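Visitor:
Numbering (the numbering used here), first residue to last: 105 to 177.
1. Compute every distance between the C-beta of residue 121 and the non-hydrogen atoms of the ligand GTP, then say whether any falls below 7 Å.
2. According to DSSP, residue 129 sits in a beta bridge with which residue or residues?
3. When the Cα atoms are used, what is the spatial distance from residue 155 to residue 140?
4. What did DSSP end up calling residue 136 once you bin it into helix, strand or coil?
5. Please classify residue 111: does DSSP put it in a helix, a strand, or coil?
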């Protein structure tokens, strides 16, 4: 969960993850109760970035049986 490091996590860290082929990155904004979901990197850039709200259900294609809501954490 990111709080004080949110800018760095969504910027530099997210760029490094995309560059090295991480397929999906979740960055949680603990103050706003939002999850920034970065997906499908191409050439070191994320092609999809969604902001999900606290009551949205988050899932991952690699683990379809797993789901979580930020408000439940």
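Every residue, glycine too, gets a C-beta built ideally from N, C-alpha and C.
In this text, all values refer to a predicted model and were calculated from it rather than measured experimentally.
Guide: This is what the structure gives:
1. Absence of the ligand GTP is noted for the structure shown, with no ligands found whatsoever.
2. In the chain shown, counting from the first residue as 1, residue 129 sits at position 25. Secondary-structure assignment with DSSP links residue 129 through a beta bridge to 142.
3. Here residue 155 refers to the residue found at position 51 of the chain shown. Here residue 140 refers to the residue found at position 36 of the chain shown. When rounded, the distance between both Cα atoms is 5 Å.
4. By 1-based counting over the chain shown, the position of residue 136 is 32. In the three-state scheme derived from DSSP, where H, G and I count as helix and E and B as strand, residue 136 is classed as coil.
5. Here residue 111 corresponds to residue number 7 of the chain shown, with the count starting at 1. In this structure, residue 111 counts as helix in the three-state DSSP scheme.
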